[in-house]
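Report on the following structure.
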Amino acid sequence: MAKVDAITGWKDLEIGCAIIEPGSSRRLKTGDWRSQRPVTDRDECIKCGLCWIYCPDIVYSPTRNGYFKWNGDYCKGCGICAHECPKDAITMVMEGE
Amino acid sequence: MPKRVGIEVSLAASEAACAADVDVIAADPVTPQTHIVEHLSELVADGELDAEFMPVESEHSAMSACIGAAAAGARTFTATSAPGLALMHEIVFIAPSLRTPIVMVVANRALSGPISIWNDHSDIMAERDCGWIQTFAENGQEVFDLIIHAFRVAEDPEVLLPVIVNMDGFTLSHVIEPIEMLSASEVSEYLKPYNPQMVLDPREPITMGPVGVPEMYTEARYQAESVLNGSKKVIVKAWKEFAKLYGRSYKPIETYRTEGAEVVLMTMGSVTETAMTAVDRMREKGIEVGLMRFRLWRPFPVQEFRRAVKGIKALAVVDRAISFGAQGGPVCSKVKSALYGAPDQPQVFGFISGLGGRDITVEMFEEIVKKAIRYATKGKGPMYELIGVRER
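If you read the protein sequences in the order shown, they are chains A and B.
Heads up: the first sequence runs through residues -5 to 91, numbered per this note's numbering.
Heads up: the second sequence runs through residues 52 to 443, numbered per this note's numbering.
Okay, structure coming up:
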């Protein structure tokens, strides 16, 4: 599970609760609350990249062999990739299964 | 010795901001605006004040722009009144939590409806809990002085909070008074250039005003609350230094003829001077009455208040706003809660008067005091009462 690592007492907060370290949000994993995750069947995948294009959270990234790799740190399980896949190669499965 | 000039109090407020050498003024220039902003735009246009004047389309935008300017390290000023303050409401709460030391003059006026443009305190009482430091002026000189003081306190590195200087709409904002104006060079002795502790700068990016998740919100709010309460010592110290330099002294709670007083009137704002006349008149008749008023409304000076009421039998608190459905006025409610549990507390009787521009006369103050004396002798009075309301 991703955790906010800035938890601190009020005395240690920056003035006005400002965040003084640029880019610190990269450490925040936002995909810890999805109930479903997409699973790609690479036998069906035609490497068209629509999952990569449509994903609202840029969870997919192209790999050297042409497939698209999924990153669970940020995926919310919205299912847009599964819906858009022209070959129905992506299935949404329940987390924990 | 500074020159004493006859000047409209609103214009004096602009001159105070000018003497404080503000960098940015963002304000809605049309009604319910006063001449404060109009005159500042003139000063900027005439080259007398080197500042950015931003005439925005609403008070919501005005306060947003002020926060942005203050976050970028500018000395920032604005002014508004009643419905303008109400339109600002959302953003008013953001300024202290971002610790942006904005100074705002509020010309206190009634909130509608029925539609009213006249003076009372319902606008500012609706912003009572917004987290700003709030002071009240009784006359034009105090408006000028409190604005200079406000910048000094707001920008103190231990404070960094916005300050509202309250002045009564019309009875102060549109009245010409003799005021000792301090020049920019005289003010510069008291008010050093703003040295921001944290600025928005693309070369060193930071995030101001991020999301406060439930794990952080309480701590962030407590920081603002703790700094506001702690600001009192800076406020008092800054007033003491003001007195040393310019000869006029201010205190969180001001008293008038309270020595030996059995009953003490409590007021805020310009009606205080009418109440003083009433006190003088009643003292001549042998009635042991005094007067007390909150100069500092937030942070509420609870210790000073408890000390000030020692030995007093009864307080007659005059509110200029109704706290609807709460059976009383906001000042009286605060007075009662501040005294709860204190030893030897006086009896407190609440009166509401002077709503929507209706004058509170000397005679009305005398009536209030007479009532308070009667209730105090009986040992009980009504929860609150409206003075001067027609039954039919």
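Just so it is clear, CB atoms sit at the ideal spot from N, CA and C, and this is done for glycine as well.
Since the model is a prediction, treat every value here as computed from it, not as a measurement.
Check                                                                                                                                                                          : Outcome
Using a 10 Å radius around the Cβ and a threshold of 16 neighbouring Cβ atoms, would you call M(-5) of chain A buried or exposed?                                              : Confidence at M(-5) of chain A is low in this model, with a pLDDT of 38, below 50, so its placement is unreliable and the value that follows should be read with caution. Counting Cβ neighbours within 10 Å, M(-5) of chain A comes out exposed, since fewer than 16 surround it.
How do the region 55 to 62 of chain B and the region 221 to 240 of chain B stand: do at least 3 beta-carbon pairs fall below 8 Å, yes or no?                                   : yes
Mapping DSSP to helix, strand and coil, what is P80 of chain A?                                                                                                                : coil
Taking all protein chains shown into account, decide if M319 of chain B is buried (16 or more other Cβ within 10 angstroms of its Cβ) or exposed.                              : buried
Does P261 of chain B come out as helix, strand or coil in the three-state DSSP assignment?                                                                                     : coil
Counting along the chain, where does the alpha helix (DSSP H) carrying I419 of chain B start and finish?                                                                       : 413 to 429
Which same chain residues end up closer than 8 Å to S29 of chain A when comparing Cβ atoms and leaving out the 5 residues on each side of it in sequence?                      : G71, M88, E89
Restricting to Cα atoms, I'd like to know which of B:C69, B:I257, B:T306, B:S92 is closest to S19 of chain A.                                                                  : B:I257
Report the start-end ranges of each alpha helix (DSSP H) in the region 162 to 233 of chain B that is 4 residues or longer and not cut off at the edges.                        : 173 to 176, 191 to 205
Mind checking E414 of chain B: buried by the 16 CB within 10 Å criterion, or exposed?                                                                                          : exposed
Taking C-beta to C-beta, are F293 of chain B and H200 of chain B nearer than 8 Å?                                                                                              : yes
What residue does the alpha helix (DSSP H) around L62 of chain B start on, and which one ends it?                                                                              : 60 to 70
Residues in the same chain with beta-carbon distance under 7 Å from R308 of chain B, minus the five sequence neighbours each way, listed in chain order, please.               : V330, R334, G341, L342
In whole angstroms, what is the alpha-carbon distance linking I424 of chain B and L316 of chain B?                                                                             : 11 Å
Spatial neighbours of C42 of chain A within its chain, please: CB distance less than 7 Å, with the 5 preceding and 5 following residues excluded, ordered by chain position.   : P80
Counting Cβ pairs closer than 8 Å, one from the region 159 to 167 of chain B and one from the region 189 to 203 of chain B, do we hit at least three?                          : no
Spatial neighbours of S282 of chain B within its chain, please: C-beta separation below 7 Å, excluding the five flanking residues on both sides.                               : I184, V204, V210, L212, P350
Helix, strand or coil for M(-5) of chain A, going by three-state DSSP, please let me know.                                                                                     : Any answer about M(-5) of chain A is weak, because its pLDDT of 38 lies below 50 and its placement is not dependable; what the coordinates show is given next. DSSP places M(-5) of chain A in coil when its eight states are reduced to three.
Which residues in the same chain as M105 of chain B place their Cβ atom closer than 6 Å to its Cβ, once the five residues preceding and following it in sequence are excluded? : A77, A116
Among residues of its own chain, excluding the 5 on either side of W4 of chain A, which ones have a beta-carbon nearer than 7 Å to its beta-carbon?                            : none
I want to verify the contact list: residues of chain A whose CB lies under 8 Å from the CB of S148 of chain B, in sequence order.                                              : G10, C11
Please list the segments of the beta strand (DSSP E) lying wholly inside the region 78 to 123 of chain B, counting only runs of 3 or more residues, in order along the chain.  : 103 to 106
At least one CB of chain A closer than 8 Å to the CB of Y245 of chain B: is that the case?                                                                                     : no
Would you kindly check if the distance between the Cβ of I411 of chain B and the Cβ of A367 of chain B is under 8 Å?                                                           : no
Can you check DSSP and say which residues form a bridge with P32 of chain A?                                                                                                   : A:M86
For D370 of chain B, list the residues DSSP reports as bridge partners.                                                                                                        : B:I403
Could you work out which residues of chain A lie near M249 of chain B, taking near to mean beta carbons separated by less than 8 Å?                                            : E8, I9, G10, A12, I14
Give the straight-line distance between the Cα atoms of V278 of chain B and V285 of chain B, rounded to the nearest whole angstrom.                                            : 11 Å
Taking only beta-carbon positions, decide if W4 of chain A is within less than 8 Å of chain B.                                                                                 : yes
The beta strand (DSSP E) spanning V250 of chain B covers which residue range?                                                                                                  : Looking at the DSSP string, V250 of chain B is not in any beta strand (DSSP E), and its letter there is neither H nor E.
How long is the line joining the alpha carbons of P208 of chain B and V440 of chain B, rounded to whole angstroms?                                                             : 47 Å
For T258 of chain B and chain C, any beta-carbon pair shorter than 8 Å?                                                                                                        : Although the question refers to chain C, the structure presented lacks it and instead comprises the protein chains A and B.
With Y48 of chain A as the anchor, note down where its alpha helix (DSSP H) starts and where it stops.                                                                         : 44 to 48
What are the boundary residues of the beta strand (DSSP E) that L316 of chain B is part of?                                                                                    : 314 to 318
Find the residues of chain A that neighbour M415 of chain B, judging by a C-beta separation of less than 7 Å, and give them in chain order.                                    : None at all; the shortest Cβ gap to chain A is about 45 Å.
Could you compute how far the alpha carbon of G298 of chain B sits from the alpha carbon of K291 of chain B?                                                                   : 10 Å
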